[in-house]
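All remarks here apply to the structure that follows.
Numbering (the working numbering), first residue to last: 37 to 238.
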């Protein structure tokens, strides 16, 4: 694994090589900004699902959680939220990373943090089922399983709820990728990356 400050750019030679070897390019947004815009409906869906989970464990989200009270709006800078967000960012990307096969020894796998958030990128050839798991794991673990467990235990605090909701929003592009792979890539195929492009081969 290598640390990087940015996602590698598309390599035209690698693109040609992949096409020559019968790899099929996934139909997906061409850049991160397009992906974010395309995933906005999924961001809302993720939020609604997580809020529903809070309600199920009797820890509903209230306006007061966001500083909206009867007398108006108040902003409290909570150091726990700031520190928690940084930890959340690292934890989210680690969940992606540890599921990449042989990520420690891989010379084709990169991880890093950019102004738009963290990322994990790999040019390894990864089986479809594993790739789907890598893509959706942070959302399932942080925004579904953890609130269910903490809610049942009665320790789902207001700062934790905010962080979990932030993760739900940040996972919208992951969910978009999950859906695109699920609908375009046949079972048993392998996937690989080339910059912002994804390719699959049966």
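No residue lacks a Cβ here, since even glycine has one placed at the ideal position from N, Cα and C.
In this chain, the alpha helix (DSSP H) harbouring residue 219 covers 208-220. Rounded to whole angstroms, residue 41 and residue 119 show a C-alpha spacing of 21 Å. Taking a contact to require three or more Cβ pairs closer than 8 Å, the stretch 158-175 and the stretch 211-230 qualify as touching. Checking the DSSP bridge columns, you'll see residue 234 partnered with 229. Straight-line spacing of the CA atoms in residue 84 and residue 130 works out to 25 Å. Beta-bridge pairing by DSSP links residue 38 to 146.
Residue pairing by DSSP puts residue 157 in a beta bridge opposite 146. Beta-bridge pairing by DSSP links residue 61 to 235. Within the DSSP bridge table, the entry for residue 162 names 227 as partners. If you draw a straight line from the Cα of residue 97 to the Cα of residue 197, it comes to about 8 Å. At the C-beta level, residue 229 and residue 82 stay beyond 8 Å of one another. DSSP places residue 121 inside the alpha helix (DSSP H), whose first and last residues are 115-133. Only buried fits residue 95, as 16 or more other CB atoms lie within 10 angstroms of its CB. By the beta-carbon neighbour count (other beta carbons within 10 angstroms, threshold 16), residue 189 is exposed. Around residue 145, the same chain offers 37, 38, 133, 136, 139, 156, 157, 158, 159 and 160 as residues with beta carbons nearer than 8 Å, after the five sequence neighbours per side are excluded.
The continuous alpha helix (DSSP H) containing residue 86 extends over residues 76-92.
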